[in-house]
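Throughout the sequence shown, residue numbering follows the working numbering, covering 3 to 83 in sequence.
Below is one structure; the comments refer to it alone.
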Amino acid sequence: MSCVPYLAQTVTDPTHVGQSPRHAGKGFELVREVNEAGLIVLVAVLIKPTGRGVYMVKSTYPIGSGKLENRLRKGHMIATE
């Protein structure tokens, strides 16, 4: 299933936020659990804006519930709700 239909909702209303220790100081991650689609969407955002002041989405992809639980357990991500 594609993440594209859920990108805007993930950015504007994430269920979880965090930062990978491998990317400390470079960016952050927004996650949205889309229950009706059975999907967990991750959007990685770069902190450094372009010359025009635009923040870039580095990548977006679905993740499994195990990956989300692992990030929560390690403290790399927190729930927003």
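Note that beta-carbon positions come from the ideal geometry of N, C-alpha and C, so glycine has one too.
Sort K50, Q21, L48, V33 by Cα distance to I42 and report the nearest one.
Taking the sequence shown and counting its residues from 1, one reaches residue 42 at position 40. Residue V33 is the option with its Cα nearest to I42.
Which residue wins for smallest C-alpha separation from H25, given the options D15, S61, E35?
Here residue 25 is taken as the residue at index 23 of the sequence shown, counted from 1. The option with the nearest alpha carbon to H25 is S61.
Please confirm whether E35 and L44 have their CB atoms less than 8 Å apart.
Looking up residue 35 in the sequence shown gives position 33. Looking up residue 44 in the sequence shown gives position 42. No, the pair does not count as a contact, with Cβ atoms beyond the cut-off.
What are the start and end residues of the beta strand (DSSP E) that includes S61?
Against the sequence shown, residue 61 aligns to sequence position 59. Note, S61: beta strand (DSSP E), 59-64.
Closest to M79 by CA distance: which of Y63, N37, P16 is it?
Along the sequence shown, read from residue 1 onward, the residue named residue 79 stands at position 77. Per the Cα distances, P16.
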